[in-house]
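Chemist: Can you keep this structure in mind? I'll have questions shortly.
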Amino acid sequence: IVYREADQHVARRSKLLLRNSDDGGATWSPARVLNATRGHCPRFSRLRHNHLVIIDDASSSLYWSLDDGNSWTASEHPRLQHSIPDRLIELDEERLLTTAHGHRGKARQPLIGQSSSEQMMYLSEDRGATFDPLSVLARDRCLVLCEASIVAMPDGRLVAIMRENSWVHEPMYCAVSDDGGSTWSLPTPTPLIGHRPCIGLTHAGQVLVTYRNVAPDSGTVAWMGSLDELLHTGFQVHGLAPGPDQPTLTPEGLHVHHPTAGRTGTYYALRPLTDPTHASASLEAVVTVDAADPDAAALYLGTLWRLTSTGIRPEIDGAESVSADFTQPRRVSISYDGGCCVLQLDGEER
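Everything in the sequence shown is counted per the numbering used here, starting at 1 for the first residue and increasing by one.
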């Protein structure tokens with residue numbers, strides 16, 4: 001196992017450390033230092049002839065072992081023009097592939113609130129001595145695709161899974177190459193919402209993805225399934241209902257009860273509007289509010305629509321509440337089109 005030791009997330013001081021286990025991970029050796037001054041997001045690969053190689057972002061280095069990890073030799077490579085390279089994929093004796101990402105420009109783009117991202121493929125034809133850009137894996141004006149991880153399938157296809165970084169519960173996206181990374185399919189949404197994915201295959205041929213879950217039910221997650229499930233399931237709703245006050249299904253619908261204030265709420269993330277300039281959407285719910293603090297309950301489409309027992313209020317400066325008796329069931333319909341939201345209560349536009 002190789003990892004970074006650092007003083008903080010955006011590090012001022014860091015090291016690249018290595019440990020090994022001879023009993024399947026039950027116990028580990030003391031740490032060995034691969035680089036005493038730099039290290040960031042290292043990735044391991046096992047190549048043919050049982051060669052091990054680590055690619056490191058911060059030191060722009062490859063670390064090679066020809067004796068099953070007992071000794072290591074570092075070799076610098078010209079720094080990739082993009083950051084956080086994925087593990088190396090071996091095409092043949094000389095050719096190695098990796099991918100890395102970067103942001104283009106300083107201007108914040110209005111649809112994503114940051115500069116555009118670009119996920120680039122790199123090819124080495126001299127076994128890692130130099131790398132040259134090969135192709136653009138993904139670039140989308142409405143998505144922030146980055147931190148790609150690639151697996152080579154038994155049929156020769158390459159499958160990449162990518163983080164989406166706009167923080168609106170966009171899922172991770174996948175792309176597929178049939179020609180060794182020269183061209184890629186358009187990114188398609190997966191059922192997973194996460195950052196820093198790592199994709200691989202089990203001995204049984206199942207796809208395994210580990211990642212940091214940034215859906216409402218956050219945590220460190222491993223997902224396993226078929227490639228077809230990953231590529232074609234599409235977006236799935238994610239929710240969080242922590243603590244003892246779980247929502248319950250009743251004949252009237254989903255009953256949510258949180259008797260105490262705090263960060264123990266129930267939260268469901270629906271499919272975001274990837275391109276709000278071209279997409280339209282509608283959200284409808286029959287809602288009864290027995291009691292709620294002013295900011296305790298809400299629907300979200302375009303903006304937060306705060307619900308209390310006496311009305312509904314869009315969370316926009318200067319907006320007034322729409323009065324209604326929500327202690328009785330009310331059909332709330334919110335439609336979005338071209339940047340405009342329209343609210344209807346019980347079929348009447350308000």
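C-beta: ideal position from N, C-alpha, C; glycine also.
This structure is a prediction, so every number in the text was calculated from the model and none was measured.
Expressed to the nearest angstrom, what Euclidean distance is found between the alpha-carbon atoms of residue 95 and residue 181?
Modeler: Looking up residue 95 in the sequence shown gives position 95. Looking up residue 181 in the sequence shown gives position 181. If you take the alpha carbons of residue 95 and residue 181, they lie about 12 Å apart.
Chemist: Could you give the DSSP three-state label for residue 232: helix, strand or coil?
Modeler: Your numbering for residue 232 matches position 232 in the sequence shown. Residue state, collapsed to three classes: helix.
Chemist: Between 195, 336, 231, 233, which has its C-alpha nearest residue 304's C-alpha?
Modeler: One-based indexing of the sequence shown puts residue 304 at position 304. When each option's Cα is compared against that of residue 304, the closest is 336.
Chemist: Tell me which residues share the same chain as residue 350 and place their Cβ nearer than 7 Å to its Cβ, disregarding the 5 neighbours each side in the sequence.
Modeler: Here residue 350 is taken as the residue at index 350 of the sequence shown, counted from 1. Only 322, 343, 344 meet the Cβ criterion.
Chemist: Under the rule that 16 or more other beta-carbon atoms within 10 Å means buried, what is residue 297, buried or exposed?
Modeler: To locate residue 297, count along the sequence shown from 1; it is residue 297. Buried, by the Cβ-count rule.
Chemist: Straight-line CA distance for residue 134 to residue 99?
Modeler: Indexing the sequence shown from 1 puts residue 134 at position 134. Indexing the sequence shown from 1 puts residue 99 at position 99. In a straight line, the C-alpha of residue 134 is about 9 Å away from that of residue 99.
Chemist: May I have the straight-line CA-CA distance separating residue 5 from residue 55, to the nearest angstrom?
Modeler: Here residue 5 corresponds to residue number 5 of the sequence shown, with the count starting at 1. Here residue 55 corresponds to residue number 55 of the sequence shown, with the count starting at 1. Between residue 5 and residue 55, the C-alpha separation is close to 16 Å.
Chemist: Per DSSP, what kind of secondary structure is residue 350 in: helix, strand or coil?
Modeler: Counting from one through the sequence shown, the residue named residue 350 turns up at place 350. Three-state result, residue 350: coil.
Chemist: In the DSSP output, which residue or residues are listed as bridge partners for residue 194?
Modeler: For the purposes of this step, residue 194 is identified with residue 194 of the sequence shown, where counting begins at 1. The partner list for residue 194 (beta bridge, DSSP) reads 213.
Chemist: For residue 278, which of 213, 156, 111 has the nearest alpha-carbon?
Modeler: On the sequence shown, residue 278 is found 278 positions in, with the first residue counted as 1. Ranking 213, 156, 111 by Cα distance to residue 278 puts 111 first.
Chemist: Figure out for me which residue from 76, 165, 117 has the closest Cα to the Cα of residue 137.
Modeler: Start at 1 with the first residue of the sequence shown, and residue 137 comes out as number 137. Nearest C-alpha to residue 137: 117.
Chemist: Which residue comes first and which comes last in the beta strand (DSSP E) that contains residue 164?
Modeler: Reading the sequence shown from its first residue, position 164 is the one you call residue 164. 158 to 164 is the extent of the beta strand (DSSP E) around residue 164.
Chemist: Out of 204, 132, 325, 310, point me to the one whose CA is closest to residue 153's CA.
Modeler: In the sequence shown, residue 153 corresponds to position 153, counting from 1. Nearest C-alpha to residue 153: 204.
Chemist: Taking Cβ to Cβ, would you say residue 334 is nearer than 8 Å to residue 282?
Modeler: Taking the sequence shown and counting its residues from 1, one reaches residue 334 at position 334. Taking the sequence shown and counting its residues from 1, one reaches residue 282 at position 282. Against a cut-off of 8 Å, the Cβ pair of residue 282 and residue 334 comes out as a contact.
Chemist: Reducing DSSP to helix, strand and coil, say where residue 108 ends up.
Modeler: Reading the sequence shown from its first residue, position 108 is the one you call residue 108. DSSP places residue 108 in strand when its eight states are reduced to three.
Chemist: With DSSP as the reference, identify every bridge partner of residue 44, one or two as the case may be.
Modeler: The sequence position of residue 44 within the sequence shown is 44, counting from 1. For residue 44, which the question treats as bridged, DSSP gives the partners 54.
Chemist: Go ahead and pull the three-state DSSP assignment for residue 143.
Modeler: Residue numbering aside, residue 143 sits at position 143 when the sequence shown is read from its first letter. Three-state DSSP puts residue 143 in coil, outside helix and strand.
Chemist: Among 109, 22, 49, 38, which has the Cα closest to the Cα of residue 74?
Modeler: The residue given as residue 74 occupies position 74 in the sequence shown. Per the Cα distances, 38.
Chemist: Skipping 5 residues on each side, what residues in its chain have a beta carbon closer than 8 Å to that of residue 208?
Modeler: The residue given as residue 208 occupies position 208 in the sequence shown. So the list reads 199, 200, 201, 202, 222, 223, 224, once near-sequence residues are dropped.
Chemist: Would the beta-carbon of residue 347 fall within 8 Å of that of residue 331?
Modeler: Along the sequence shown, read from residue 1 onward, the residue named residue 347 stands at position 347. Along the sequence shown, read from residue 1 onward, the residue named residue 331 stands at position 331. In contact: residue 347 and residue 331 (Cβ atoms closer than 8 Å).
Chemist: In chain order, what residues of the same chain have a beta carbon less than 7 Å from the beta carbon of residue 91, not counting five sequence neighbours either side?
Modeler: The sequence position of residue 91 within the sequence shown is 91, counting from 1. Cβ within range, chain order: 97, 180.
Chemist: So, at 6 Å on beta carbons, what are the nonlocal neighbours of residue 259 in its own chain, with the 5 sequence-adjacent residues on each side left out?
Modeler: Taking the sequence shown and counting its residues from 1, the one referred to as residue 259 is at position 259. Excluding positions up to five away in sequence, the list is empty.
Chemist: Rounded to whole angstroms, what's the CA-CA distance from residue 217 to residue 125? Just pull it up for me.
Modeler: Reading the sequence shown from its first residue, position 217 is the one you call residue 217. Reading the sequence shown from its first residue, position 125 is the one you call residue 125. Between residue 217 and residue 125, the C-alpha separation is close to 43 Å.
Chemist: Count the CB pairs spanning the stretch 186 to 199 and the stretch 159 to 173 that are closer than 8 Å, and state whether there are at least three.
Modeler: Short answer: they touch.
Chemist: Whole angstroms is fine: what's the gap from residue 130's alpha carbon to residue 157's?
Modeler: Position 130 of the sequence shown, counted from the first residue, corresponds to residue 130. Position 157 of the sequence shown, counted from the first residue, corresponds to residue 157. Whole-angstrom Cα-Cα distance: 24 Å.
Chemist: What are the boundary residues of the beta strand (DSSP E) that residue 277 is part of?
Modeler: Within the sequence shown, residue 277 is the residue found at index 277, counting from 1. No beta strand (DSSP E) contains residue 277, which DSSP labels as neither H nor E.
Chemist: In this structure, what does DSSP give as the bridge partners for residue 101?
Modeler: Taking the first residue of the sequence shown as 1, we reach residue 101 at position 101. Answer by DSSP bridge pairing, in chain order: 83, 119.
Chemist: Taking the CB atoms as reference points, tell me whether residue 121 and residue 146 lie closer together than 8 Å.
Modeler: Here residue 121 corresponds to residue number 121 of the sequence shown, with the count starting at 1. Here residue 146 corresponds to residue number 146 of the sequence shown, with the count starting at 1. Their beta carbons are not under 8 Å apart, which means residue 121 does not touch residue 146 by this criterion.
Chemist: Which same chain residues end up closer than 7 Å to residue 48 when comparing Cβ atoms and leaving out the 5 residues on each side of it in sequence?
Modeler: Within the sequence shown, residue 48 is the residue found at index 48, counting from 1. Excluding residues within five positions, the ones whose Cβ falls inside 7 Å are 90.
Chemist: Taking the alpha-carbon positions, what's the residue 248 to residue 256 distance?
Modeler: The residue labelled residue 248 in the question sits at position 248 within the sequence shown. The residue labelled residue 256 in the question sits at position 256 within the sequence shown. If I take the Cα positions, the gap works out to 7 Å.
Chemist: According to DSSP, what are the bridge partners of residue 70?
Modeler: In the sequence shown, residue 70 corresponds to position 70, counting from 1. Answer is none; residue 70 lacks a bridge partner.
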